[in-house]
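Numbering-wise (the numbering used here), the sequence shown opens with residue 1284 and increments by one.
Heads up, the beta-carbon is just placed ideally off N, CA and C, and yes, glycines get one too.
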Amino acid sequence: MGSFVNPFKIGKTYTPENFIDRKEEYSYLCNAVESGNNVVVVGPRRFGKTWLLQKFIAEGGYPVIYLDLFGCFSLKGFVQKMMKQAYELLKGKNPMSFVGRYLKHIAKHVSFSFDVGGISFSIDNDLSDELLIEQMYELLEGVQKDLKKKLVVVLDEFQAYKSISEKLPESLRSFYQTQKDVVFVFSGSMRHMIEELFFEKSGVLYHSSLRVDIGKTLPEDESIEYIVENFNSTGKKIILEDAKRIYRLTKGHPYFLQLLCYELWDKAGELISEEEIDVIFDSLCERESYGYELIIETLEYKYLKNVLKLISEQTDGYFSIANLQKYKIPNATTLNNLLKKLTERGIIEKFGRGKYQIIDPLFERYVMVRME
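1) Helix or strand or just coil, what does DSSP make of residue 1481?
2) Quick check for students: name the residue ranges of the beta strand (DSSP E) that lie wholly in the region 1360-1418, counting only runs of 3 or more.
3) For the alpha helix (DSSP H) that residue 1565 lies in, which residues bound it at each end?
4) What is the DSSP secondary structure of residue 1420, reduced to helix, strand or coil?
5) Would you mind stating whether residue 1654 and residue 1592 have Cβ atoms separated by less than 8 angstroms?
6) If the criterion is Cβ atoms closer than 8 angstroms, does the pair residue 1602 and residue 1548 meet it?
7) Mapping DSSP to helix, strand and coil, what is residue 1354?
8) Using three-state DSSP, classify residue 1471 as helix, strand or coil.
9) Tell me which residues share the same chain as residue 1284 and place their Cβ nearer than 7 angstroms to its Cβ, disregarding the 5 neighbours each side in the sequence.
10) Indicate the three-state DSSP secondary structure (helix, strand or coil) for residue 1522 in the structure shown.
11) Could you tell me if residue 1333 is buried or exposed, where buried requires 16 or more neighbouring beta carbons within 10 angstroms of its beta carbon?
12) Which residues in the same chain as residue 1481 place their Cβ atom closer than 8 angstroms to its Cβ, once the five residues preceding and following it in sequence are excluded?
13) Looking only at DSSP bridge pairs, what is residue 1640 linked to?
14) Return the residue from the list 1505, 1581 and 1614 that minimises the CA-CA distance to residue 1590.
15) Does the separation of the CB atoms of residue 1418 and residue 1389 fall below 8 angstroms?
16) In whole angstroms, what separates the C-alpha of residue 1634 from that of residue 1640?
17) Are residue 1501 and residue 1535 closer than 8 angstroms when you measure CB to CB?
18) Per DSSP, residue 1426 is paired with what?
19) Out of 1401, 1393, 1424 and 1421, point me to the one whose CA is closest to residue 1410's CA.
20) Among all the DSSP beta bridges, which residues are the ones paired with residue 1434?
21) Does DSSP put residue 1324 in a helix, in a strand, or in coil?
22) Taking the alpha-carbon positions, what's the residue 1572 to residue 1406 distance?
23) Write down the C-beta distance between residue 1366 and residue 1404 rounded to the nearest angstrom, noting that I regard them as a contact closer than 8 angstroms.
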């Protein structure tokens, strides 16, 4: 393609030119933080939560410590990563001075080293979780005071907190009830776990945060305009109807829209055709089929395939006698239980009253075409 570079992006790295819509959600997030409120960003996997957070980090104007809990497997590792980010946020030049100032109660247990990734901090193994948690909050409080402005701590994939410490949510609540200049932004893709923690009365963090829901798909008109512009300005050509087909196949799912466009730009000819769109979409489905087979085998739910076929082929009336008989589901209770389990697993999402959808459009295609 000469000097042109594939304009479509996938993965966790935010690029402003590839950020579609989410204006309302981003504005709400900024206003909530400005008001000193903690925020929870909720949505299915690969639905753009991390890009929304990275946009906020890049453009929100606040000092931010960002931690992805999927990359942390212990409280010690979590605190070590927080120390590294705090040091870099302060543009520190003397690690010993940093440790002595912000972690004075455990200074003798902390060491540091430098490598290609910058500085790394290490903490001895013989410190209690209680002391580590206490020092973590002292670090945040000290950094905020020295920065003299609101500090935002982003905790991505927060449903994984149990791998760090069961006490983390309770300790967070205690901390931010007394410290108003450190604001927390939580994100989670396992909706039912986040709901239980933040929005049910029994949850430890109930009524502690405002909610930003990334539950809706991308708007059709803006997505189609984005597709056409990015193909036609980089040496390719796509007509409006074919851009609409890309949107329909991916159902406006942010990740899969970018993925299909990326593969099309990379593999198709100069003029994008409807046939190429279908062939490449099916090839993506084939590429993922082994993973989909594993999902089905691992879950081992009786009538799982029946329920998935029902959801992929019907838009409503799931509990009608005709549909239960057609898909050989014994009764409404069985269907309801499976819908609940699949929702908790993040495989399907509820959109409106009594309407469900398989979140991954490639998996939906697999169910419709490959599953008997």
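Taking the geometry as given:
1) By 1-based counting over the sequence shown, the position of residue 1481 is 198. Residue 1481 falls in the helix class under three-state DSSP.
2) Those beta strand (DSSP E) runs which fall completely within the region 1360-1418 and span 3+ residues are 1393-1398 and 1401-1406.
3) Residue 1565 sits at position 282 when you count from the first residue of the sequence shown. Counting along the chain, the alpha helix (DSSP H) containing residue 1565 begins and ends at 1557-1582.
4) As a working mapping, residue 1420 is identified with position 137 in the sequence shown. Helix.
5) As a working mapping, residue 1654 is identified with position 371 in the sequence shown. As a working mapping, residue 1592 is identified with position 309 in the sequence shown. Yes.
6) What you label residue 1602 is simply residue 319 of the sequence shown in a count that begins at 1. What you label residue 1548 is simply residue 265 of the sequence shown in a count that begins at 1. No, the pair does not count as a contact, with Cβ atoms beyond the cut-off.
7) Stepping through the sequence shown from its first residue, residue 1354 is reached at position 71. In the structure shown, residue 1354 sits in a helix (DSSP, three-state: H, G or I).
8) Here residue 1471 corresponds to residue number 188 of the sequence shown, with the count starting at 1. Correct three-state label for residue 1471: strand.
9) As a first step, residue 1284 must be located in the sequence shown, where it is residue number 1. At residue 1284 the pLDDT is 48, less than 50, meaning the model places this residue with poor confidence and gives no usable figure here.
10) Here the question's residue 1522 lines up with position 239 in the sequence shown. Residue state for residue 1522 is assigned as coil, using DSSP reduced to three classes.
11) What you label residue 1333 is simply residue 50 of the sequence shown in a count that begins at 1. Burial call: buried.
12) As a position in the sequence shown, residue 1481 is number 198, starting the count at 1. Exclusion of the five residues before and after residue 1481 leaves 1323, 1469, 1488, 1489, 1491, 1492 and 1494 as the residues of its chain whose Cβ lies within less than 8 angstroms of its Cβ.
13) Within the sequence shown, the letter at position 357 stands for residue 1640. In DSSP, residue 1640 forms a bridge with 1632.
14) In the sequence shown, residue 1590 corresponds to position 307, counting from 1. That would be 1614, whose Cα lies nearest to the Cα of residue 1590.
15) In the sequence shown, counting from the first residue as 1, residue 1418 sits at position 135. In the sequence shown, counting from the first residue as 1, residue 1389 sits at position 106. In this structure, residue 1389 lies closer than 8 angstroms to residue 1418 by Cβ.
16) As a working note, residue 1634 is residue 351 in the sequence shown. As a working note, residue 1640 is residue 357 in the sequence shown. The straight-line gap from Cα to Cα measures roughly 7 angstroms.
17) Here residue 1501 refers to the residue found at position 218 of the sequence shown. Here residue 1535 refers to the residue found at position 252 of the sequence shown. For residue 1501 and residue 1535, yes; Cβs fall inside 8 angstroms.
18) If you number the sequence shown from 1, residue 1426 lands on position 143. Answer is none; residue 1426 lacks a bridge partner.
19) Locating residue 1410 in the sequence shown gives position 127, where the first residue counts as 1. Considering only 1401, 1393, 1424 and 1421, the residue with the shortest C-alpha distance to residue 1410 is 1393.
20) Position 151 of the sequence shown, counted from the start, is the residue given in the question as residue 1434. Partner(s): 1465.
21) Mapped onto the sequence shown, residue 1324 falls at position 41. Looking at residue 1324 - three-state DSSP - the assignment turns out to be strand.
22) As a first step, residue 1572 must be located in the sequence shown, where it is residue number 289. As a first step, residue 1406 must be located in the sequence shown, where it is residue number 123. Using only the alpha carbons, I get a separation of about 43 angstroms.
23) On the sequence shown, position 83 is the one that residue 1366 refers to. On the sequence shown, position 121 is the one that residue 1404 refers to. Confirmed, Cβ separation roughly 4 angstroms.
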